[in-house]
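**Student:**
2 protein chains.
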Amino acid sequence: MRKRQNCSLLGFAQHDHKRCVSAGLKVADVYCQKHKLRLTTVRRRTLSILLESHTALGAYDVLARLREEGLGSEPPVAYRALGFLLENGFIHRIERLNAYVACSHPGALHNPAFLICSDCRAVAESTVATTTGTLNRQARESGFQIEHTTIEAEGQCPSCQQANQ
Amino acid sequence: MRKRQNCSLLGFAQHDHKRCVSAGLKVADVYCQKHKLRLTTVRRRTLSILLESHTALGAYDVLARLREEGLGSEPPVAYRALGFLLENGFIHRIERLNAYVACSHPGALHNPAFLICSDCRAVAESTVATTTGTLNRQARESGFQIEHTTIEAEGQCPSCQQANQ
DNA sequence: CTTGTAGTGATATAACATAACATTTTTACG
DNA sequence: CGTAAAAATGTTATGTTATATCACTACAAG
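Note that the protein sequences, when read in sequence, are chains A and B.
The numbering of the first sequence is this note's numbering, which starts it at 1 and goes up by one.
The numbering of the second sequence is this note's numbering, which starts it at 166 and goes up by one.
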């Protein structure tokens, strides 16, 4: 089996996770330099906290870690950093969990779909999120202008299925 | 133009809304009787509050109305009623808004998709919510067991588009 | 009529999020 | 450089959404 598994193909498979973290940070560094954005200490650390976890983390989980490191202790600190990272596509928000995950396909702007484990909060991201023809047709017919689509499938990941048997 | 517009075809079109309310309540009455469920005063009124509004209402909005009518004044009252109605498919939860809407196609169990106006919170429901082949394939391949899928498209409804020009 | 279950009342608190304003850091530019 | 404008952060307070827990009531089934 190959060792250098590619994060962008990652589902719930085992993989070399340190690579995800370093690759994700690098992409962000480059992107920010290119676009004259400031990936400050708090923002960069917030991203790395999410990258280190393949599960969705709540804003207050992130905040707790930032606090431990003296990088700000009040909610707005975490929410601002999360906001910046969201805006620039480095992380995504999981609506069903009110939580946040690092993007698995950083760099490209995309409208992702997610598989979310209701037990362990692990999240797999699919870049290809197109809605059904039916919904788009209904929107067109009724004159509704779609701006953003949320697609989140909740269920059990392979390990939790095993654990629950 | 026909007067007796069918609620199940409703998008953002004008329609005879009183019919939605009475029809929705009737379906719930019959369903509960058939399944030996108790559509109590609080539950029935909660449903009618949502039926009366074509926009999504927060739990605390619902609670405020219940309170006015002396039907319970504390959060758990509203959340329990909403929970019952959700379980039995009479209403749906809009994740992006942390809010609730009456089902537009009551009776049939279904996995709906929504068009949500970010301005006025109006919601149109589509019964047909199938995810993309890609997401399902990824789930199958990785051994993820999908239990529920959320599909919510956010944007502007026709009236808000006009209003914002 | 009594007993178990479902439903409700009530209090408290958890979890998630933002408004508002003061202060510091960075950048741009004369 | 120096300084003004802009961006980011610090801090306090509060708003919003949701649930745990325990006491009490209604009601249907035996």
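Built from N, CA and C at the ideal position, the CB exists for glycine as well.
Keep in mind that this is a model prediction, so the values were computed, not measured.
Take E125 of chain A as the anchor and find which of B:Q303, B:V227, B:P241 and B:C268 has the nearest alpha-carbon.
**Tutor:** Counting from one through the first sequence, the residue named residue 125 of chain A turns up at place 125. When only C-alpha atoms are compared, the closest one is B:Q303.
**Student:** Closer than 9 Å between beta carbons: that is the criterion. Which residues of the region 146 to 157 of chain A meet it against chain B?
**Tutor:** So the close ones are I146, E147, H148, T149, T150, I151, E152, A153, E154, G155, Q156 and C157.
**Student:** Spell out whether any CB of chain B is found under 8 Å from the CB atom of S104 of chain A.
**Tutor:** Walking along the first sequence from the start, residue 104 of chain A turns up at place 104. So, not an interface residue.
**Student:** Any idea what DSSP makes of S269 of chain B, helix, strand or coil?
**Tutor:** The residue given as residue 269 of chain B occupies position 104 in the second sequence. Coil.
**Student:** Where are the alpha helix (DSSP H) runs, 4 residues long or more, that stay fully inside the region 50 to 137 of chain A, in chain order?
**Tutor:** Fully enclosed alpha helix (DSSP H) runs of 4 or longer: 59 to 68 and 75 to 87.
**Student:** Taking Cβ positions only, does Q5 of chain A come closer than 8 Å to chain B?
**Tutor:** By 1-based counting over the first sequence, the position of residue 5 of chain A is 5. With a pLDDT of only 39 at Q5 of chain A, under the threshold of 50, the placement of this residue in the model should not be trusted, and no figure is reported.
**Student:** Measure the alpha-carbon distance for V77 of chain A versus T40 of chain A and round it to whole angstroms.
**Tutor:** Position 77 of the first sequence, counted from the first residue, corresponds to residue 77 of chain A. Position 40 of the first sequence, counted from the first residue, corresponds to residue 40 of chain A. Their backbone Cα atoms lie some 12 Å apart in a straight line.
**Student:** Starting from H35 of chain A, trace the alpha helix (DSSP H) both ways and give me its first and last residue.
**Tutor:** Locating residue 35 of chain A in the first sequence gives position 35, where the first residue counts as 1. Per DSSP, H35 of chain A belongs to no alpha helix (DSSP H) and is neither H nor E.
**Student:** Consult DSSP for P158 of chain A and reduce its assignment to one of helix, strand or coil.
**Tutor:** Position 158 of the first sequence, counted from the first residue, corresponds to residue 158 of chain A. The answer is helix: DSSP assigns P158 of chain A an H, G or I state.
**Student:** Using the Cβ count rule (16 or more neighbours within 10 Å means buried), how would you classify H313 of chain B?
**Tutor:** Taking the second sequence and counting its residues from 1, the one referred to as residue 313 of chain B is at position 148. Exposed, because fewer than 16 other Cβ atoms sit within 10 Å of the Cβ of H313 of chain B.
**Student:** Once you ignore the five residues that flank K3 of chain A on each side, which residues in its own chain have a CB closer than 7 Å to its CB?
**Tutor:** To locate residue 3 of chain A, count along the first sequence from 1; it is residue 3. Reliability of the predicted coordinates at K3 of chain A is poor, the pLDDT of 40 falling under 50, and the value obtained from them is presented with this limitation in mind. Cβ within range, chain order: D16.
**Student:** Measuring only between beta-carbons, confirm whether A178 of chain B sits less than 8 Å from chain A.
**Tutor:** Your numbering for residue 178 of chain B matches position 13 in the second sequence. Output row for A178 of chain B: interface = yes.
**Student:** Under a CB-based cut-off of 8 Å, is G248 of chain B close to chain A?
**Tutor:** Residue mapping note: residue 248 of chain B aligns to position 83 of the second sequence, counting from 1. No - not a single Cβ of chain A is within 8 Å of the one on G248 of chain B.
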